[in-house]
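Going by UniProt numbering, the letters in the sequence shown line up with residues 1 to 101, in that order.
Positions of the beta carbon are idealized from the N, C-alpha and C atoms, including for glycine.
As the structure is a prediction and not an experimental result, all values here were calculated from the model.
Below you'll find the structure, written out as structure tokens, and then a few comments.
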Amino acid sequence: MFHVPDVGQSGSIVSNIVFFGLPPTSITYNEVPFEIPHPNSSGPFYCIIKGRCVGVVATWEDASPQVTGCSGAVHSCCPSVEVGVVRIKAVIDCGQCQYLP
């Protein structure tokens, strides 16, 4: 289990996120930080567009706490990390990516 600080769009830490798989990597695109799985992670992968964290996670065990009970959360299964990153970047470009409480 790994604790990763969740950084909101303003750059402030809004909560601590717990990941059960390998530790994720945080990357930034157009000034929006998001998580991607550790390179050795295996799927299924989940793309979280709106949730307590934003990014691609490697298992439902990691995705569920970020979206379950989170009003307005948007997520989907994706076939690979690469596809998930393309989706996240497209949503960031449209201004629709959002960290939710």
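Neighbour flag for residue i against chain C, beta carbons, 7 Å
{"i": "Ile88", "result": "Protein chains in the displayed structure number just one, and chain C is not present."}
N-terminal and C-terminal residue of the beta strand (DSSP E) that residue i is part of
{"i": "Gly84", "result": "From DSSP, Gly84 is part of no beta strand (DSSP E) but of the alpha helix (DSSP H) over Val81 to Cys94."}
{"i": "Glu35", "result": "Val32 to Ile36"}
Cβ-based burial, residue i [other Cβ within 10 Å; buried from 16]
{"i": "Pro37", "result": "buried"}
{"i": "Ala58", "result": "buried"}
{"i": "Tyr29", "result": "exposed"}
{"i": "Cys77", "result": "exposed"}
{"i": "Ala63", "result": "buried"}
{"i": "Gly95", "result": "exposed"}
{"i": "Ser41", "result": "buried"}
{"i": "Pro44", "result": "exposed"}
Host alpha helix (DSSP H) of residue i (start-end)
{"i": "Ser64", "result": "Trp60 to Val67"}
Beta-carbon proximity check, residue i vs residue j, cutoff 7 Å
{"i": "Glu35", "j": "Cys47", "result": "no"}
{"i": "Val67", "j": "Gly84", "result": "no"}
{"i": "residue 104", "j": "Val74", "result": "Because residue 104 is not part of the residues shown, which for the chain are 1 to 101, the question remains open."}
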